Each structure stands twice: as C-alpha cells, then as structure tokens.
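Some notes on the structure that comes next.
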Amino acid sequence: MLRDLDFRLAHGGFYFLTGPSGAGKTSLLKLLYLAQRPTRGRIRLFGEELSDAPREALPNFRRRIGVVFQDFRLIRHLSAFDNVAMPLRIAGASDEQVEAPVREMLAWVGLADRASARPPTLSGGEQQRVAIARAVINRPDLLVADEPTGNVDAAMAQRLLHLFSALNRQGTTVVVATHDVGLISATPGAQLIRLEGGSIADPTGTLRNPPRPRGAN
Amino acid sequence: MFDWLFASPSERRLLGEARLRGPTAWVIAIMSFSIMIIGAAGLALANTAGVLTDAIEARYSVEVPGGAGSVEALLGVVRSAPGVTSAEAVPESEMRRTLERWLGPAAQSSDLPVPALVNFDVRPGADLGAIRQRVEQAAPGAIIAAHREAVGPLLRSLRLLQWVAFGLVLLLSAAASAAVVLAARGALDTHRFTIEVMHGIGATDLQVTRLFQRKIAIDAFVGSLAGAAVAGLVLLMLAAGASFAGELTGGATLSAIDLLLLAMLPVTLTALATWVARTAVLAALRKAL
Numbered sequence: 262m263l264r265d266l267d268f269r270l271a272h273g274g275f276y277f278l279t280g281p282s283g284a285g286k287t288s289l290l291k292l293l294y295l296a297q298r299p300t301r302g303r304i305r306l307f308g309e310e311l312s313d314a315p316r317e318a319l320p321n322f323r324r325r326i327g328v329v330f331q332d333f334r335l336i337r338h339l340s341a342f343d344n345v346a347m348p349l350r351i352a353g354a355s356d357e358q359v360e361a362p363v364r365e366m367l368a369w370v371g372l373a374d375r376a377s378a379r380p381p382t383l384s385g386g387e388q389q390r391v392a393i394a395r396a397v398i399n400r401p402d403l404l405v406a407d408e409p410t411g412n413v414d415a416a417m418a419q420r421l422l423h424l425f426s427a428l429n430r431q432g433t434t435v436v437v438a439t440h441d442v443g444l445i446s447a448t449p450g451a452q453l454i455r456l457e458g459g460s461i462a463d464p465t466g467t468l469r470n471p472p473r474p475r476g477a478n
Numbered sequence: 332m333f334d335w336l337f338a339s340p341s342e343r344r345l346l347g348e349a350r351l352r353g354p355t356a357w358v359i360a361i362m363s364f365s366i367m368i369i370g371a372a373g374l375a376l377a378n379t380a381g382v383l384t385d386a387i388e389a390r391y392s393v394e395v396p397g398g399a400g401s402v403e404a405l406l407g408v409v410r411s412a413p414g415v416t417s418a419e420a421v422p423e424s425e426m427r428r429t430l431e432r433w434l435g436p437a438a439q440s441s442d443l444p445v446p447a448l449v450n451f452d453v454r455p456g457a458d459l460g461a462i463r464q465r466v467e468q469a470a471p472g473a474i475i476a477a478h479r480e481a482v483g484p485l486l487r488s489l490r491l492l493q494w495v496a497f498g499l500v501l502l503l504s505a506a507a508s509a510a511v512v513l514a515a516r517g518a519l520d521t522h523r524f525t526i527e528v529m530h531g532i533g534a535t536d537l538q539v540t541r542l543f544q545r546k547i548a549i550d551a552f553v554g555s556l557a558g559a560a561v562a563g564l565v566l567l568m569l570a571a572g573a574s575f576a577g578e579l580t581g582g583a584t585l586s587a588i589d590l591l592l593l594a595m596l597p598v599t600l601t602a603l604a605t606w607v608a609r610t611a612v613l614a615a616l617r618k619a620l
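So the protein sequences, as listed, match chains A and B. Position one of the first sequence corresponds to residue 262 (our numbering), numbered consecutively onward. Position one of the second sequence corresponds to residue 332 (our numbering), numbered consecutively onward.
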C-alpha cells in the first residue's frame, strides 16, 4: 500500500524507480499509467488533475503514455506486427498508415523477420522487445516500464536503454522500475526514486521540487 | 451510424473470427423460428377474427316457433322492412336435416314443430326497433337474434389467443435479448485480457464495444435468418390447411402486410440483439476504470 507520497516528475526527466519487492513499485506505476485511481490524494498528469477525472477523459491521456509491462501483456492471438500496431490503430491510423512505422520499429528491436509470429512462438526476450516496441511506437510523452530488461540479454538491455534515452532526449519523460544496478549506473543524469514500505525516500527533497532539465513545463 | 459493421481486417483479428462457435446464433435461430411461427399464428387469428366480425356484425335471424309453413310470408315482411339489405329464408328441409343429427328419423315427422327461420343483413345505422316492430306485427312471438351474440364467445377466444400470441412473441424476444446479454458477458470474459490491454493503451469504450457489437450482430443475423427460413418452410407446408381455414372464414389468413411483417423479423431481431449487446457491453465496460 502506498502512503504519504508527494513528488513531481519533471517533464523530460529520466527516473529509475527502485526498492525491495513489495515496496509498491508496481502500484505506483499503475497510478502513473492510469490503471488505478488513488483512494485519496491527487494525481496531476500533463497539467491536468486526473484523480477524479471522468473515465471518458482517460483514453486520451493513456494514448500519451507508453507502458512496458513486466509480464509483457501481449495479445496471444495477434502477430507481433499487430501487437505493435495496436496503439497507432487505436489512435485512428489506417492499416496503410501503420505499415511503415511498425516495420521500422520491429527492425529496430531486431524482430523484422518475426513480424508475423505470434507471442507464444516467441522467446521471453523477443516478447519483451515486442512489448517495448508497442510502448514506444507512438512516441509517448510518458514512458513507464516495469522491469523492462528482465528477460533480455546484456546487449539488448543496452540497446533498450539507448532507445529510452533517445526518446527521453526528444522530450519523453521516462520512468523505469528496475532492480538492475548496471542499468541505473549506465544512465548518467537519471534520477533515482527509492520506494520503501510504500513511501518515497527523498532525504534531499529534490523529488518534491525537481529541477527542470529539458523543455520543462 | 453503421460504420461499426465494416470493421477492418485488423479490427476483426482483435477478437478472432470464431463466429457460430458459440451458442448465440443457435439460440437466436430457435427464437426466430418460434417467434415467426407464433407471430404468423397470431396474425392469422387476428385476421380470422376480423373476417368473422365483418361477416356477422350486421347479420340477424328472425325465428317464428312452429311457423315453418309461413316462412315465405315472413321473408316478404323482413325484406320490406326499412334498413334491411338482404334476407333469405332457411328452407324447412334444411332445418329438418340439421335436426336429424340430434333427433334421428323423428326429425322428419310432421308432428315435430319446425320454426320459420329467416337470416337478414341490415345496413349500418338501421333502426332495429322498427324492424322488430314490423316483424312482430306480422308474426307475433317472433324472436330476433343478432349473430354476433351467438358467435361472441368464439370471437372473444380468438382475440384472447391473438393477445396470447403477441405476449409470447414479446416473451421470446425478451428471452432472445437475455441470451444475447449472457453471450455478450461471456464474450467479455473470454476477451477480458484483450480489453484490458486495449483500454491500457487508450481505447475508448466505444472502440471496444463496436468489436463485440459487430460480432454479435453477425451471429444474430445469421441465426435469425436461419430460424426464419425454417419457419417459412413450415408455414408453406401449413399453407394448404391455412387456405382451408381461409375458406371457412371467408377471407385470407395472412395478408401481404402480414407476410412483409414476418419477412422483416430477421432484421428486427438482429437490430434488437445488436442494441442489447451494445448496451450490455457498454454497461460492463463502465465498471472498469
């Protein structure tokens, strides 16, 4: 259970969320990607108060958020191509419009030749890459990733980190929940959010009053 | 308005194409068949009642006990009465033949008093009191009876059966709707994960709903068309009997409008199922965040 949270994410910031198992990382991420509402308190996202926003208003905000789930959450009966294309199609793109960007994204994550494969036929690492491609295909304003490198090798983890950094440089705020110390140390400039017992350890107060790195709102 | 009917191939892939695997189409087919047969029966009963009513509404009989011998004189009096449009006497021989069914050969005995009986029709608004007065002057003790009073119980039964058929059609439609609601909920459960993922990446309730709406509309249309087709065959097989009934009552059992109404049943049932599915899916989705 989360309690007494008071923090701000700077627009364009890069954050690692760490903490022991059961500390509430996944719960916090769910609040961020609007899968849950807080039982009390306020959440302000993209300049809008969303804690008690009508549910009809949420889809437009969710389209600005990319999510990489720990368990991938790929649709089993759809091909890798269709899984990656979903955010674009939901946003209204036609089948012709999604073709090029999806092929490009699949090539980027090294799955160009697996476009028609369905998730059950892909390895864990391949499924992870499809999930990441789906999360970033529409260049989200906020990217939330829950243990995104848990099922990929070191080389792919580095490539994913470069992708996240590239998105971050273009203005995407990135929040990555991870236990991977190597990942954190390989990302200079990223800020650490440590959750313990449902609360954020913020001894310096920088999370309550963050600096404004790039293009801050 | 109907863009949801034309899903792209990628939209169709989202839920798979497992059409007709579930029981929805079969349930709708059975409901469609039953509604069509019961609806046709109800319409035929309504028409029969209408034809009977028209036929007897203005018809009366005048009876003079034991006056069979004076039937021609009575016929003349009735024909000349104001407001009478036609009149005909029932021959004594025919009445004795009728009585023979109950009395046997004794019905032919001259000792048996046979009444004089004249059937007549009146024009609308005719003064029955004046007719009655004239008949009683000519034949004291004459009894005038309206046919609608004699056939009234039968007509009331026909009307009641007609309403029972209408009620059954409504009940079956409600049952079909309930089946669609269950099917929609089942489909939602089956595809819960897909829906969660779609919602998570920004799909609106309407985007999710149109997938289910289209799927159930297709199943409902196929089912109701199949049920209606089988019912149509059964009704054709019953046509000979129906035309016999039509001859009995002096009118057609099903009119062109009735047939058109029945032909529209698959479309109506599909529209109902689609609306119910849409409402059920939207209501279920609103319970999620």
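Each residue gets a CB set at the ideal place from its N, CA and C atoms; glycine is no exception. All values reported here derive from a predicted model rather than from experimental measurement.
Assignment of residue 354/A by DSSP, reduced to helix, strand and coil, places it in the coil class. Residues of the same chain with a CB within less than 7 angstroms of the CB of residue 325/A, apart from the 5 flanking positions on each side, are 307, 401, 402, 403 in chain order.
Annotation for residue 547/B: 355, 511, 514, 515, 518, 604, 605, 608 place their beta carbon closer than 8 angstroms to its own, counting only its chain and skipping 5 residues before and after. Residue 388/B carries a coil assignment under DSSP once its states are collapsed to helix, strand and coil.
In the DSSP assignment, residue 322/A falls within the unbroken alpha helix (DSSP H) covering 319 to 323. In terms of CA proximity to residue 408/B, 461/B leads the group 386/B, 461/B, 440/B, 359/B. Among the residues of chain B, those whose CB is under 8 angstroms from the CB of residue 323/A are 530, 531, 532, 533, following chain order. Residue 348/A belongs to the set of residues whose beta carbon lies under 8 angstroms from a beta carbon in chain B.
When 8 angstroms is used as the limit between beta carbons, residue 554/B is near no residue of chain A, the shortest such separation being about 24 angstroms. Taking the C-beta atoms as reference points, residue 598/B is found no nearer than 8 angstroms to residue 368/B. In this structure, DSSP gives residue 401/B a helical state, which the three-state scheme calls helix. Comparing alpha carbon positions, the residue from 363/A, 373/A, 320/A, 378/A closest to residue 352/A is 320/A. For residue 450/B, the uninterrupted beta strand (DSSP E) segment begins and ends at 447 to 453. Residues of chain B whose Cβ lies closer than 8 angstroms to the Cβ of residue 339/A are, in chain order, 344, 345. For residue 457/B, no beta strand (DSSP E) segment is defined, and its DSSP state is neither H nor E. The count of Cβ pairs closer than 8 angstroms, one atom from the region 432 to 441 of chain A and one from the region 361 to 376 of chain A, stays below three, leaving the stretches out of contact. Non-local C-beta neighbours of residue 342/B in its own chain, meaning closer than 7 angstroms and more than five positions away in sequence, comprise 542, ordered along the chain.
Per DSSP, residue 387/A lies in no beta strand (DSSP E); the unbroken alpha helix (DSSP H) holding it starts and ends at 385 to 397. Going by C-alpha positions, residue 405/A is about 7 angstroms away from residue 290/A. Residue 345/A has a beta carbon lying at 8 angstroms or more from every beta carbon in chain B.
In this structure, DSSP gives residue 268/A a state outside helix and strand, which the three-state scheme calls coil. Under the DSSP assignment, residue 407/A falls in the beta strand (DSSP E) whose first and last residues are 403 to 407. Residue 279/A: member of the beta strand (DSSP E) spanning 275 to 279, first to last residue. Closest in alpha carbon position to residue 316/A, among 588/B, 531/B, 560/B, is 531/B. Here DSSP, grouped into helix, strand and coil, assigns residue 475/B to strand. Inclusion of residue 397/B and residue 444/B in the CB contact set at 8 angstroms is warranted, their separation being smaller than that value. One thing to note: residue 275/A has its Cβ within 8 angstroms of the Cβ of residue 450/A. Residue 493/B is classed as buried because its beta carbon has at least 16 other beta carbons within 10 Å across all chains shown. Taking 8 angstroms as the CB threshold, residue 525/B lines the interface with chain A.
Judged by DSSP secondary structure, residue 532/B falls outside any alpha helix (DSSP H); it is assigned neither H nor E.
Across the set 393/A, 431/A, 427/A, the C-alpha of 393/A shows the shortest separation from the C-alpha of residue 341/A.
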